[in-house]
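Report on one structure; see the data block that follows.
Protein chains: 2
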Amino acid sequence: MPTLYDNLSSGNAYKVRLVLHRLDIPHHRIDLDIDRGETRTPEFLAKNPNGRVPALELEDGTVLAESNAIIHYLAEGTPLIPQGRLERARMLQWMFFEQYSHEPHVAVARFILHHLPADHPRRAELPMRHERGHQALAVMETHLRDRAFFAAGRFTLADVALYAYTHVADEGGFDLAPYPRIRAWLTRVAAEPRHIPITRTTGS
Amino acid sequence: MPTLYDNLSSGNAYKVRLVLHRLDIPHHRIDLDIDRGETRTPEFLAKNPNGRVPALELEDGTVLAESNAIIHYLAEGTPLIPQGRLERARMLQWMFFEQYSHEPHVAVARFILHHLPADHPRRAELPMRHERGHQALAVMETHLRDRAFFAAGRFTLADVALYAYTHVADEGGFDLAPYPRIRAWLTRVAAEPRHIPITRTTGS
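Chains as they are written, first to last, in the numbering used here: chain B, 1 to 204; chain L, 205 to 408.
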């Protein structure tokens with residue numbers, strides 16, 4: 001069975017735990033402590049030269065990196081990936097949006113507030129992170145105006161990717177009060193079958 | 205036929221031009237001037253609420269955003285996307301790597317040097333952009349140690365995505381001399397059939 005190199009505070013790793021649990025895929029799990037540099041050891045860099053979790057090691061030793069690529073691998077052939085070509089591209093559009101326009105601001109603000117000391121110079125980034133994070137949230141709010149989910153009219157990997165850090169955006173200093181459609185969507189995602197919270201471990 | 209909202213200096217838009225030309229897909233092309241704010245007009249924001257090029261408008265008016273999602277849509281069913289599940293995920297891994305760990309540094313350094321005045325405060329970002337950009341280039345150099353292309357042993361969308369800004373990295377102040385495998389790979393990509401340079405327009 002595959003081994004997930006994991007971290008319980010990482011939203012990116014949570015995406016993988018969520019999909020593994022949803023699809024009931026047996027797996028091992030190894031926690032790495034990012035703050036202690038466990039993702040930068042020679043042993044781990046040999047597995048993922050980019051030095052990040054999550055990474056998924058398959059039984060033959062192959063290691064796959066990048067949360068959104070890992071969940072795409074795990075979910076192929078399941079309803080979490082739409083069948084239609086355009087809807088599949090729309091799902092990917094939101095997954096790339098998440099990594100480019102959302103995560104670097106919404107997740108990084110949370111990282112700065114929770115993983116760095118209060119006097120760390122990166123605190124100076126927070127106003128910019130908040131401004132751009134709110135831009136991303138506004139784009140999501142607009143898209144949800146007449147949609148229940150981000151692609152294909154149902155829960156897909158696009159929702160997994162965007163839920164991971166949006167539902168803990170308050171930990172990065174983001175107030176979601178101005179985004180009623182995002183808040184309703186968060187509730188819908190949490191009501192999906194076999195949902196698990198971010199801190200819950202899974203599998204064996 | 206589809207319409208590409210394009211910009212000739214954008215590497216992200218170039219990815220789409222490259223795939224449209226490679227696959228000989230008839231299309232219209234509309235240039236938007238980013239510096240003049242043409243991607244932030246109400247008309248364009250109605251098409252892509254994230255206010256970025258490239259965007260691809262299909263014949264029925266549907267608009268697809270995010271360069272890597274657009275090229276995935278265009279290339280479905282062609283050899284530019286591998287058939288095998290693992291190789292497809294590997295290709296996506298490098299496309300997400302490109303948007304998260306490469307483009308924000310390699311492309312943004314080029315943007316700062318070419319699109320902003322010499323006294324612009326964002327010049328202060330350059331040392332950080334160069335440091336992280338070189339980290340991304342080092343990860344690529346390592347991966348190419350025993351490979352000719354990034355996934356599936358042949359030219360795929362992973363190479364399209366990474367080529368777009370790597371081949372003009374010098375315009376962002378990156379010296380590729382320390383990366384002989386990247387330089388050899390750039391030559392291989394440029395020798396692919398129906399290759400076009402970044403500034404070339406395509407189609408009708």
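From the three backbone atoms N, C-alpha and C, an ideal C-beta is built for every residue, glycine too.
Only a predicted model underlies this, so the values are computations on that prediction, with no experimental measurement involved.
### Task
Specify the secondary structure class of residue 204 of chain B as computed by DSSP and reduced to three states.
Note that residue 204 of chain B has pLDDT 43, beneath the 50 cutoff, so the model's placement of it is unreliable and the number below is only indicative. Residue 204 of chain B: coil per DSSP, three-state reduction.
### Query
In chain order, what residues of the segment 239–258 of chain L put their CB closer than 8 Å to some CB of chain B?
253, 254
### Message
Using 8 Å for Cβ pairs, my map puts residue 71 of chain B next to residue 139 of chain B. What's the rounded Cβ distance?
### Response
Incorrect: roughly 21 Å between the Cβ atoms, too far for contact.
### Message
Whole angstroms are fine: how far does the CA of residue 17 of chain B sit from the CA of residue 201 of chain B?
### Response
7 Å
#### Entry: Near-chain B residues of the segment 290–303 of chain L (beta-carbon distance less than 9 Å), N- to C-terminal order
290, 292, 293, 294, 295, 296, 297, 298, 299, 300, 301, 303
### Query
Can you name the residues that DSSP bridges to residue 260 of chain L?
L:208, L:268
#### Entry: Among B:53, B:75, B:128, nearest to residue 158 of chain B - alpha-carbon criterion
B:75
### Task
Show which residues of chain B have a CB atom less than 8 Å away from the CB atom of residue 272 of chain L.
92, 96
### Counted within 10 angstroms of its Cβ, other Cβ atoms place residue 131 of chain B as buried (16 or more) or exposed
exposed
### Query
Count the other CB atoms within 10 Å of the CB of residue 408 of chain L; is the residue buried (16 or more) or exposed (fewer)?
For residue 408 of chain L, the predicted model reports a pLDDT of 43, less than 50, meaning its position is unreliable; a value from the coordinates is still stated below. Exposed, since its Cβ has fewer than 16 Cβ neighbours within 10 Å.
### Task
Mind checking which residues open and close the alpha helix (DSSP H) that includes residue 105 of chain B?
103–115
### Task
State the start and end residues of the unbroken alpha helix (DSSP H) segment that holds residue 28 of chain B.
Here residue 28 of chain B belongs to no alpha helix (DSSP H); instead the beta strand (DSSP E) covers 28–31.
### Task
List in chain order: all unbroken alpha helix (DSSP H) runs of 4+ residues lying wholly within the segment 166–202 of chain B.
180–190
### Query
In angstroms, rounded to a whole number, what distance separates the CA positions of residue 371 of chain L and residue 296 of chain L?
20 Å
### Query
With a CB to CB cut of under 8 Å and the five nearest residues on each side skipped, what residues in its chain are close to residue 410 of chain L?
Residue 410 of chain L lies beyond the stretch modelled for chain L, which goes from 205 to 408, so this question has no answer here.
### Query
By the criterion of Cβ-Cβ separation under 7 Å, what are the contact partners of residue 343 of chain L in chain B?
49, 50
### Query
Would DSSP call residue 289 of chain L helix, strand or coil?
helix
### Cα-Cα separation, residue 386 of chain L to residue 350 of chain L
12 Å
### Query
Beta-carbon separation of residue 300 of chain L and residue 125 of chain B under 8 Å?
no
### Query
Would DSSP call residue 358 of chain L helix, strand or coil?
strand
#### Entry: Closer than 9 Å at the beta carbon, the chain B residues around residue 468 of chain L
The question about residue 468 of chain L has no answer, for chain L in this structure spans 205 to 408.
### Query
Using the beta-carbon count (16 or more within 10 Å), is residue 282 of chain L buried or exposed?
exposed
### Task
Pull up the distance between the alpha-carbon of residue 176 of chain B and that of residue 237 of chain L, whole angstroms please.
33 Å
### Task
Between the Cα of residue 257 of chain L and those of L:375, L:244, L:388, L:319, spot the shortest distance and give me the residue it belongs to.
L:244
### Query
On the three-state DSSP scale, how would you describe residue 240 of chain L?
coil
### Message
Assuming residue 345 of chain L is part of the alpha helix (DSSP H), what are its boundary residues?
### Response
330–347
### Task
Determine, using beta carbons only, whether residue 289 of chain L and residue 64 of chain B come nearer to each other than 8 Å.
no
### Query
Would residue 390 of chain L pass as a contact of residue 367 of chain L if the rule is Cβ separation under 8 Å?
yes
#### Entry: Straight-line gap, residue 313 of chain L to residue 333 of chain L (C-alpha atoms, nearest Å)
6 Å
### Message
How far does the alpha helix (DSSP H) with residue 46 of chain B in it extend, from its first residue to its last?
### Response
42–47
### Task
Would you mind stating whether residue 155 of chain B and residue 192 of chain B have Cβ atoms separated by less than 8 Å?
yes
### Task
Please list the partners that residue 101 of chain B has in chain L, where partner means a Cβ-to-Cβ separation under 7 Å.
254
### Query
Does the separation of the CB atoms of residue 352 of chain L and residue 392 of chain L fall below 8 Å?
yes
### Task
Following the continuous alpha helix (DSSP H) through residue 22 of chain B, name the residue where it begins and the one where it ends.
11–22
### Query
When you compare only the Cα positions, how much space is there between residue 117 of chain B and residue 173 of chain B?
16 Å
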